Amino acid sequence: MLDIKFVRENPEAVKENIRKKFQEQKLPLVDEVIDLDARLRAAKTEANELRANRNALSKQIGVLMGQAKKDPSKKEEAESVKAQVAAQAARLAELEKLEPELEEQLRERMLVIPNMIDPSVPIGPDDTHNVELARFGEPTVPDFEIPYHTQIMESFNGLDLDAARRVAGNGFYYLKGDIARLHSAVLAYARDFMIDRGFVYHIPPYMIRSSVVTGVMSFAEMDAMMYKIEGEDLYLIGTSEHSMIGSFIDQILEESSLPITYTSYSPCFRKEKGAHGIEERGVYRIHQFEKQEMIVVCKPEDSMAWYEKMWRYSVELFRSLDIPVRQLECCSGDLADLKVKSCDIEAWSPRQQKYFEVCSCSNLGDAQARRLKIRVRGADGKLYLAHTLNNTVVAPPRMLIAFLENNLQADGTVLVPAPLQPYMGGKTVLVPEK
Numbered sequence: 000m001l002d003i004k005f006v007r008e009n010p011e012a013v014k015e016n017i018r019k020k021f022q023e024q025k026l027p028l029v030d031e032v033i034d035l036d037a038r039l040r041a042a043k044t045e046a047n048e049l050r051a052n053r054n055a056l057s058k059q060i061g062v063l064m065g066q067a068k069k070d071p072s073k074k075e076e077a078e079s080v081k082a083q084v085a086a087q088a089a090r091l092a093e094l095e096k097l098e099p100e101l102e103e104q105l106r107e108r109m110l111v112i113p114n115m116i117d118p119s120v121p122i123g124p125d126d127t128h129n130v131e132l133a134r135f136g137e138p139t140v141p142d143f144e145i146p147y148h149t150q151i152m153e154s155f156n157g158l159d160l161d162a163a164r165r166v167a168g169n170g171f172y173y174l175k176g177d178i179a180r181l182h183s184a185v186l187a188y189a190r191d192f193m194i195d196r197g198f199v200y201h202i203p204p205y206m207i208r209s210s211v212v213t214g215v216m217s218f219a220e221m222d223a224m225m226y227k228i229e230g231e232d233l234y235l236i237g238t239s240e241h242s243m244i245g246s247f248i249d250q251i252l253e254e255s256s257l258p259i260t261y262t263s264y265s266p267c268f269r270k271e272k273g274a275h276g277i278e279e280r281g282v283y284r285i286h287q288f289e290k291q292e293m294i295v296v297c298k299p300e301d302s303m304a305w306y307e308k309m310w311r312y313s314v315e316l317f318r319s320l321d322i323p324v325r326q327l328e329c330c331s332g333d334l335a336d337l338k339v340k341s342c343d344i345e346a347w348s349p350r351q352q353k354y355f356e357v358c359s360c361s362n363l364g365d366a367q368a369r370r371l372k373i374r375v376r377g378a379d380g381k382l383y384l385a386h387t388l389n390n391t392v393v394a395p396p397r398m399l400i401a402f403l404e405n406n407l408q409a410d411g412t413v414l415v416p417a418p419l420q421p422y423m424g425g426k427t428v429l430v431p432e433k
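Under numbering that gives the first Met the number 0, think of the first position of the sequence shown as 0, with each following residue one higher.
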């Protein structure tokens, strides 16, 4: 959410930003916001003047009533002043009712206006205009056929989609044996990888209130992602970023405590609306998965440096597991409304002979902090809004697709890279059962 003062003083810049995000339908909101803001400020000014006048008149009535003991005419004058107070009280009541109505209308519109994107963000309407910035590791295609990821997992007797459908429907899975152990090993390795880089490990709540949901994401994202708990003010989280950033709601942080660097584990629950192609079946696009996340809360001047560090951590982790990756910068039309700048880390798929998304790193500027009232007290005692960032460390089982394809051998075995071996009981290779 933008600062209303910024919108008031820079309406054309806000409109141009909306155009860059290809959301022309939101352009009228800017003028509506400016009008509501003017009406709200006028109502507050008038209400404050009436309150000040009421206080002055009340004192005057007191003086007149005191004088009425000696001069009866003063009582009539006091009654006249009381009538003024009564008349102004009616108007003040109208204004006090109007103010919250205008504030709510203003907030509703402000929540929909997208955040200002960074000047470096490429302009484009959708993800087909995202820009590749760099590759890390040599993408290779082996001289043997690589099966679909579900076939690889099933060769280890490690996946049961049929049982999951009977229990929960499509979009769920059972992982078993070495594949389930590999899943847990990757998460444990990712946890320790981030702890070694100074991030504090957390396991957060898996449900959050609506006040946190609207603080961390846009309405469009909420509708597409979140599962609501019927009869309660609770939502299942789509990522632990939601509850981790939410933990700072209504807090004043001391500047000396920044940056705050957390890494968090959680299951994640997502609607994943819409039809998906063959490559997004199996365990690629699912309603429930587990993820290790990283989040940073920092000073505004440090957020871009942290953005660079965070996506590079993802690259470092995937390369340590012998998985080639690339960095893809998200264009303006592919940025969620709260984001200032974002990039995806994509892993190489030897089977598809292309890259696919495994991590998403985002700088949200002060958007979440403004919505959640996350403030920082500077050394001079003044308050300002923090900046927040988040990035995926790993998100199996999708990440396992990249791992299995890139470490699969011609005989069907899968090599276990050295960093994972301690988490796999010392195993250096996984041998299929089928």
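Just so it is clear, CB atoms sit at the ideal spot from N, CA and C, and this is done for glycine as well.
Fair warning: this is a prediction, and the values are worked out from it, not measured in the lab.
Limits of the beta strand (DSSP E) - the one that residue i falls within
i, result
"Val357", "Lys353 to Asn362"
"Pro266", "Ile259 to Phe268"
"Met152", "That residue, Met152, is in no beta strand (DSSP E); its alpha helix (DSSP H) goes His148 to Ser154."
"Ser348", "Lys340 to Ser348"
"His386", "His386 to Val393"
"Val295", "Gln287 to Cys297"
"Arg284", "Arg284 -> no beta strand (DSSP E), and no H or E assigned at all."
"Val415", "Counting along the chain, Val415 falls outside any beta strand (DSSP E), and DSSP gives it neither H nor E."
"Arg370", "Unbroken run through Arg370 is the alpha helix (DSSP H), Ala366 to Leu371; no beta strand (DSSP E)."
"Arg376", "Arg374 to Arg376"
CB of residue i within 7 Å of CB of residue j, strictly
i, j, result
"Pro367", "Ile251", "Correcting the residue identity first, residue 367 is Gln in this sequence and not Pro. The answer is no: Cβ separation not under 7 Å."
"Arg285", "Gly170", "The question names Arg, but residue 285 is Ile in the sequence shown. Contact flag set, yes."
"His128", "Pro395", "no"
"Thr466", "Val415", "Nothing in the structure corresponds to residue 466, since the chain is present only between 0 and 433."
"Leu110", "Met221", "no"
"Leu419", "Ile151", "no"
"Lys290", "Met224", "no"
"Val199", "Val393", "no"
"Phe268", "Gln287", "yes"
"Leu28", "Leu101", "no"
"Asp159", "Tyr147", "no"
"Gly230", "Thr149", "no"
"Met193", "Leu235", "no"
"Thr260", "Val295", "yes"
"Cys297", "Leu257", "yes"
"Leu94", "Ala42", "yes"
"Ser265", "Ser302", "no"
"Arg369", "Leu384", "yes"
"Leu337", "Leu363", "yes"
"Asp177", "Gly157", "yes"
"Tyr283", "Arg397", "yes"
"Glu300", "Arg376", "no"
"Phe155", "Pro421", "no"
"Pro203", "Ser263", "yes"
"Arg108", "Glu11", "no"
"Arg350", "Ile145", "yes"
First and last residue of the uninterrupted alpha helix (DSSP H) at residue i
i, result
"Val166", "Leu160 to Ala167"
"Met309", "Ser302 to Ser319"
"Glu220", "Phe218 to Met224"
"Val430", "Run containing Val430: none; DSSP gives neither H nor E here."
"Pro10", "Pro10 to Lys19"
"Ile116", "That residue, Ile116, is in no alpha helix (DSSP H); it is neither H nor E in DSSP."
"Arg280", "Here Arg280 belongs to no alpha helix (DSSP H), and DSSP marks it neither H nor E."
"Met398", "Arg397 to Asn406"
Strand pairing of residue i, partner residues [DSSP]
i, result
"Ala133", "Gln326"
"Tyr173", "Asp159"
"Phe247", "BP columns for Phe247 are empty, so no partner."
"His241", "His241 is not bridged to any residue."
"Tyr422", "DSSP, once it has assigned bridges, lists no residue as partnering Tyr422."
"Lys227", "Tyr234"
"Glu100", "Bridge partners of Glu100: none, in fact."
"Glu253", "Arg376"
"Leu382", "Arg376"
Residue i at chain D interface by Cβ criterion, 7 Å
i, result
"Arg376", "In the structure shown, chain D does not exist; there is a single protein chain."
Heavy atom of the ligand MN within 6 Å of residue i beta-carbon
i, result
"Pro118", "Judged by which ligands are present, the structure shown has none, so any question about the ligand MN falls away."
Touching by the beta-carbon criterion (3+ pairs, under 8 Å), the stretch 129 to 139 and the stretch 304 to 323: yes
Touching by the beta-carbon criterion (3+ pairs, under 8 Å), the stretch 379 to 390 and the stretch 292 to 311: yes
The stretch 344 to 355 touching the stretch 208 to 220, judged by at least three CB pairs closer than 8 Å: no
Whole beta strand (DSSP E) elements within the stretch 188 to 217, 3-residue minimum: 199 to 201
Stretch pair the stretch 104 to 123 + the stretch 326 to 340: three plus CB contacts closer than 8 Å: yes
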